Structure formats: structure tokens, C-alpha cells
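Engineer: Numbering (the working numbering), first residue to last: 255 to 586.
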Amino acid sequence: MTVSERTAVLLLAHGTPDALNDIPEYLRNVTSGRSLPQAAIDEITHRYSLIGKSPLTDITMAQAHLLEQHLDMHVYVGMRNWKPYITNVVRQMRADGISSAAAICLAPQNSRTSVGLYRRAVLAEAGHDLAVDFTEAWADHPLLIEAFAERLRSKYRELIADLSHAIPVLFTAHSVPCRTIQAASTATEPRTLAAAGGPDPYAIEAKRTAALVAAQLQTEGLRDGDWFFAFQSQGISGGPWIGPTVEETLSALRNAGHTTVIIQPIGFLCDHVEILYDIDIAFRDFGKQVGLRVERTESLNESPTLTLALADLAQRATARLAARSSAAVPIP
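#1: Might you give, ordered along the chain, the residues of its own chain that have their beta carbon closer than 7 Å to the beta carbon of Phe430, omitting 5 neighbours on each side?
#2: In angstroms, rounded to a whole number, what distance separates the CA positions of Pro396 and Ser408?
#3: CA-CA distance, Glu443 and Ala571?
#4: According to the Cβ coordinates, are Trp336 and Gly269 closer than 7 Å?
#5: So Leu265 is in the beta strand (DSSP E); what residue range does that whole segment cover?
#6: Would you kindly work out how many angstroms separate the C-alpha atoms of Val544 and Val500, rounded to a whole number?
#7: Do three or more CB pairs link the region 320-333 to the region 552-567 at distances below 8 Å?
#8: Within 10 angstroms of its Cβ, does His419 collect 16 or more other Cβ (buried), or is it exposed?
#9: Of all the options Phe402, Thr559, Ala349, Thr503, which has the alpha carbon lying nearest to the alpha carbon of Gly381?
#10: From Phe537 to Thr426, what does the alpha carbon distance come to, in whole angstroms?
#11: Leaving out five residues on either side along the sequence, give the residues of the same chain with a beta carbon under 6 Å from the beta carbon of Ala576.
#12: Could you pull the start and end residues of the beta strand (DSSP E) that Glu549 belongs to?
#13: What separation, rounded to the nearest whole angstrom, lies between the Cα atoms of Arg550 and Gln518?
#14: Starting from the Cα of Ala403, find the closest Cα among Thr473, Thr513, Gly479, Arg574 and give me that residue.
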């Protein structure tokens, strides 16, 4: 194998159960073995049953295929909480003769509960045989911002033409436990993210993504006072999670006189249960209860612009790997 053939891309994602009876095991993976009340398991099983099946794995595989075609480089996919597990995929990469990997977490906003744990899982299995360049955050990547802006621009124009008045936009990202934001964890956090005891960057990065996307819609008439931000999908068991919640924000928008809102989840790169249930079912039902029409942008899924963003990240990473490899070669 040539040097280029020994280099590959590794996309990392959350993972999703294949079937309803997989959910208890899947949730144990999510909580790192901590048990959940049966009522919580039953509720999550119910949510999955309403959407049929989460397409997260299938869409992630499609994203990898598009990236592979664009780069002409092998792209692997590893999941933290379900098959194909990160550990097994990294082991397979080593067996395939891969010696360098550009690892990209498909959660562009950096958090200890996502990126830090993904990074630890990759490095633990990579050992000394696999050099890894881990992209820790890309919340403000111009092509990511453009990909989200393309989806929002389409929906915004559609509704403006229909309603003939300004419409608020509500950007969302997955909530995380308050303890994640308040305290550092050196066991799971790359030292480059924040010093020990420093704040988790996730909330700041999520809001920055939203602000940058909103700025792209100024030419469409979206003003600074027309967009809002909330955290969605708070855990249903165990301690406080960061807010404001989407429900609180929808109520406030209705009280301010709005009758329609566009939700754009900028913390997710594809459809899955937090979009297909939390937004399309739960938030729309809540909106009906308070008299607010809830619309949603199309998810990025197989967006060509997202593919370009991932390709740029991968190419930058492989260039860094090549530079590290050259620096490691002793000069005769």
C-alpha cells in the first residue's frame, strides 16, 4: 500500500438502535452503564415507535459514501453508542493496513459529553499503530454555515411568500447536563479544549453557529431581533439540563404575538429521533396547544455543501498527518 492508501477518514457519530428491543442496551451505552428508570426506557421506546426507525445510521453511511467519492479515499464510520462501534471500526482500520486517520466528529459543536468521549474511544483503540488527527471543533466552518443557510433560506423564502410578513427563526441544539457546562473533566476532555476547571465550550459554540447562519439570512430580511436560540431534548432522568427549553421559547414567541416560527436544529447533521420526534411531533403538538404554527427546515442529510465541508476538514487533517509523518523521519 502507498502512503495515501494507508490514510483514511473516520467519521464519528452517536449511533442509534436497530430495533425497539435494542433500546435498553443502547441506553446503557449512552449512560455508560448507569441504569435508567423503567418509565424513562418506556418513554424513549414509545418515541422511537412513533417514527418507525431512526435513519441516523443509514444517513451517516450515505454521508460517508458521498465523502469517499469526493476524496477518492476510504471513509470509515464509527458509532459511540451502537453498531458499528468505534472500537470495532478502529480495530478494522488497523487490520486493513490503515496507519493514519483523519477523525471527524459529526457533532460540530464541541462538548465533553460528545467530542471528548469520541476522542477518548478512538485513541484508546488506535494505540501506537494508528496515527490520528482529531478535528475537535468546526462549529464556525464557512461551508457548514452555508449548508445550514441553504436549508434555512429555502424554508424562509417559502413561508415569507406564503405569509407576507417577517417570521422568527428558532435555532436549536441538543441540551447537555448543567454539570457538563459547570465543571471540567480531565478524563474525557482534550487538553486543547479548555484548561482543567475551565468551562465547556459547547453552549458558546452552538450559539455562534446560530449567529453565523442568521447573518447569512440578512439579505433575505432576517433581522437580529428575529432569531432566537434554545436547547432541545433535555434528558428525562437525572439532574438539571441547560436551557432555555424550546417549549419556554415557543410560549414566549406566542405571547409576543407571533403565529408561525421556523425551527432549525443547528446541532444535528441528519434526521434522527431528536428531529423526527422531538421537533416534528412533540414541538409541533406543543405549538398547536399554544396557537403557534411550527415549521422546520430540511436537515442537512446528504447536502453537497456538507460534503464539501467534511472534505475540507479531512484534507486539512491529512495534510497535518503528512507533516507529522515527515517530521518524524530522521534526517540521515
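Glycine included, C-beta positions come from ideal geometry on N, C-alpha and C.
For clarity, every value in this text was computed on a predicted model and none was experimentally measured.
Structural biologist: Based on what the coordinates show:
#1: Correcting the residue identity first, residue 430 is Val in this sequence and not Phe. The answer, listed in chain order, is Ser365, Thr367, Tyr456, Trp495, Ile496.
#2: 18 Å
#3: Its pLDDT being 39, under 50, Glu443 is placed unreliably by the model, and the measurement read from it follows with that caveat. Distance between the alpha carbons of Glu443 and Ala571: 20 Å.
#4: yes
#5: 261-267
#6: 13 Å
#7: yes
#8: exposed
#9: Ala349
#10: 12 Å
#11: none
#12: 547-550
#13: 6 Å
#14: Thr473
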